[in-house]
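In what follows, a single structure is set out as structure tokens and then discussed.
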Amino acid sequence: MYLQEIKEQLASMLEVVPTDFVYPPAADLGDLSLPLFALAKTRGLSPVELAKELAASLKESPKFIGVVKNVNAVGPYLNFYLDSGNLVSSVISDIEKFGIRYGESDNGHEEIVMVEFSNANTHKEYHIGHLRNLFYGDTISRMLRLNGYQTIPVSYINDFGIHTAKTLWNWRRNPEFAAQDGPKGRLLGECYAQAAKELEGNEEAKVELAAVMKQIEKRKGEMYELWKETREWSISYLDEIYQRLGIKFENIFYESEEIDEGLRMVEEFLQRGVFIRSQGAVIADLDEYGLGVLPIIRSDGTALYPAADLALARRKFQAYDINESIYVVDIRQGLYFKQLGKIFELAGENFNITHLGYDFVTLKNGMMSSRTGNVITYAQIINEAYTRAEKEIITRHEDWDAEKVNKIAEALTVAALKFEMLKISADKVITFDMEEALRFDGFTAAYLQYTGARIASILRKADENIAADYSLLIHPKEHALAMQLSQYQEALVKAGAQRDPSIIARYLFELAQVVNDYYHEVNILKASTDEKIARLGLLRAVKQALANGFRTLGFAYLEEM
RNA sequence: GCGCCCAUAGUUCAAUGGAUAGAACACCAGCCUUCUAAGCUGGUUACGUAGGUUCGAUUCCUACUGGGCGUACCA
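This is how it looks when you write it as structure tokens:
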């Protein structure tokens, strides 16, 4: 990559490392900058003096002049100016060479990483909190792959907890649910919310609930049969969601399929002294490590969530030969994953597990809670987003047929939802606001897609893909555009290393801003022939970079919108 | 109680041990016989408080204040 090579050459001349270079805050200060504070200290000089000396001596060096156009000392900084023609043509040729793989790197050394995310529950509603997990996990998995890891995206569905019993308990006593038409998977969510509300403080009902749970656990009886049937509804509803949002898993695990092996492992860990019995329950006492106590089996003998997790972890490492298992789970479970890691350590299991946490999604009027009904479900948000997108398209394109409107509206909808969740750093609570989230201007997916569509439109009007002399492109806006394009790989590497998709979201937004600026400033189709074909080549490069970025975040590049 | 996280413009978010702390939205004023105005241009406004380390702190450390989360039978 052009920029990386420049940095390496300058670094070796100046006896620094490529990462010492920064980007100046303003274009007139150059393209690359080297702060001299550290270097000055080791040489016993003032940074300002050193800058002057280095600038003067570099200007004398013919080797240096071949690499960059100019260098200036500005205070304690050494500022470098790249030659526009070189910059633009090198960047375009990098992009042409790598195409869909432009930006990829091999930092992961083909290590095999399993990324577990979208740990949804059956028999419960799917809401915007789940979407953050889904999009974050999906993008992390893809980002790591682009950084040279082999990633295995998997999901782990909790189909066996007490929540399933709650839903079934209510389903049975309120026949109106079963009587309703329409998608049953979604209905189960409503049924659960009502059940949770009614079970609160209702001791009589809790006895009934325990009886339901027992049937499910024993895998026998009427409620178990109902569990099997309803479980399928939930699973197909989840499949529908994943398909609509373009999420693919290599495998989906289910708690009901891990629990038996989990219970065996609990016995094993008891014998090995990792777990103990206490107050009738089975626990891991991790107090001496500052990790408190983790209950594994309830005092009534029924299993808690960690039991199945033990078996799943072992399965992952034994069956898939992975180097690392990443759990993309809400940060509130941070303590749980520390406990799980300690348990494996005490048991002598060499499992490299990482909890990749992210903060939760809340609403302006407080935490989401199915009990109080303060929740925005997946169905609500996607329907609302789609309606708005469709309306927007129809007012702009009266001539489009319904099929075309639908196709574009769908792409805009999925992109909008993903981008809203990914553009915020994982360590921030998202306070979800429907109006803000579904706008089409500003820092949004629609802005990015619109930028892409306008480029595509120009390219359609003049499809002259012929060899061009890119060194003609010396306009300052072309220089700025090439600089931004050249930084795509850095953004992807940083995002991968920090496991933070918001870095790519911001990079793309900045790229789109530079592109829009260029679009308004420089005419492409009406330029002279040589300039025109060169500019079209630049636009093709921009299109490729945008498309690669969109794909990384999981949404479509639209030719028209 | 103990532990973890967060605090930047009216709002939602960035960045950085050092060059004028950036965007977006909102508000005001402009730009469609130049390639899609879902766009562009200009204007107004910010580092919670108090110390410390440092040549230099919004960034690192400590305390405080405010908000959130977790902390044995939810997941």
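Sequential numbering of the first sequence, starting at 0, is according to numbering that gives the first Met the number 0. We treat Cβ as the ideally placed atom computed from N, Cα and C, and that holds for glycine. These numbers come from a predicted model, not from an experiment.
Other residues of its chain near residue i: CB distance less than 8 Å, five sequence neighbours each side excluded
| i | result |
| --- | --- |
| Met142 | Leu491, Ala494, Gly495, Arg498, Pro500, Ile503 and Thr551 |
| Asp516 | Lys476 and Ala479 |
| Asn322 | Glu110, Ile111, Val112 and Asn351 |
| Leu285 | Gly291, Val292, Leu293, Gln338, Lys341 and Ile342 |
Alpha-carbon to alpha-carbon, residue j and residue i
| i | j | result |
| --- | --- | --- |
| Glu520 | Lys476 | 8 Å |
| Val206 | Glu389 | 49 Å |
| Ile64 | Lys58 | 7 Å |
| Asn85 | Asp468 | 11 Å |
| Glu397 | Leu447 | 23 Å |
| Tyr326 | Met113 | 8 Å |
| Val292 | Val328 | 20 Å |
| Phe431 | Ile5 | 43 Å |
| Phe116 | Lys62 | 51 Å |
| Ala452 | Leu411 | 12 Å |
| Arg297 | Ala195 | 20 Å |
| Asp259 | Ser11 | 60 Å |
| Asn373 | Ser235 | 25 Å |
| Glu221 | Ile215 | 9 Å |
| Ala54 | Val70 | 6 Å |
| Arg100 | Ile465 | 22 Å |
| Phe359 | Phe549 | 24 Å |
| Ile251 | Ser324 | 15 Å |
| Ser89 | Tyr518 | 21 Å |
| Asn522 | Leu186 | 54 Å |
| Arg314 | Gln179 | 40 Å |
Status (buried if at least 16 other CB within 10 Å, exposed otherwise) for residue i
| i | result |
| --- | --- |
| Asp426 | exposed |
| Gly128 | buried |
| Leu524 | exposed |
| Arg276 | exposed |
| His108 | exposed |
| Glu287 | exposed |
| Lys403 | exposed |
| Val21 | exposed |
| Thr229 | buried |
| Asp400 | exposed |
| Gly261 | buried |
| Ser255 | buried |
| Thr41 | exposed |
| Ser79 | A quick correction: the sequence has Phe, not Ser, at residue 79. It counts as buried. |
| Ile380 | buried |
| Glu435 | exposed |
| Phe268 | buried |
Cβ-Cβ distance between residue i and residue j below 8 Å
| i | j | result |
| --- | --- | --- |
| Glu124 | Thr376 | yes |
| Leu133 | Lys165 | no |
| Ala408 | Ala444 | no |
| Leu471 | Asp529 | yes |
| Ala192 | Ile156 | no |
| Ser137 | Tyr253 | Sequence check: residue 137 is Asp here, not Ser. Contact: no. |
| Gly340 | Gly553 | no |
| Ala177 | Trp168 | no |
| Gly536 | Ile91 | yes |
| Leu437 | Arg395 | no |
| Tyr76 | Ala50 | yes |
| Ala310 | Met367 | no |
| Glu95 | Ala540 | yes |
| Thr353 | Met212 | no |
| Ile532 | Glu463 | yes |
| Ile151 | Glu249 | yes |
| Asp576 | Gly147 | Since the first and last residues shown for the chain are 0 and 560, residue 576 lies out of range. |
| Thr561 | Ala511 | Outside the displayed range of the chain (0 to 560) lies residue 561, so it cannot be described from this structure. |
7 Å CB neighbourhood of residue i in its chain, flanking five on each side removed
| i | result |
| --- | --- |
| Pro294 | Ala280, Ile282 and Leu303 |
| Ile342 | Val273 and Ala283 |
| Val513 | Ala479, Leu480 and Gln483 |
| Val73 | Leu28 |
| His162 | Asn120, His122, Lys123 and Tyr191 |
| Lys363 | Thr430 and Asp432 |
| Ile330 | Gly356, Tyr357 and Asp358 |
| Val66 | Ile5, Gln8 and Leu9 |
Sequence-distant residues of the same chain with beta carbon closer than 6 Å to residue i, five excluded per side
| i | result |
| --- | --- |
| Ala312 | Phe350 |
| Ala455 | Glu558 |
| Ser83 | Ile473 and His478 |
Rounded distance between the beta-carbons of residue j and residue i, thought under 8 Å
| i | j | result |
| --- | --- | --- |
| Trp232 | Lys183 | 4 Å |
| Tyr556 | Gly102 | So it is not a contact: roughly 15 Å between Cβ atoms. |
| Pro23 | Ser32 | 5 Å |
| Arg144 | Met420 | Rounded, the Cβ-Cβ distance is 20 Å, inconsistent with contact. |
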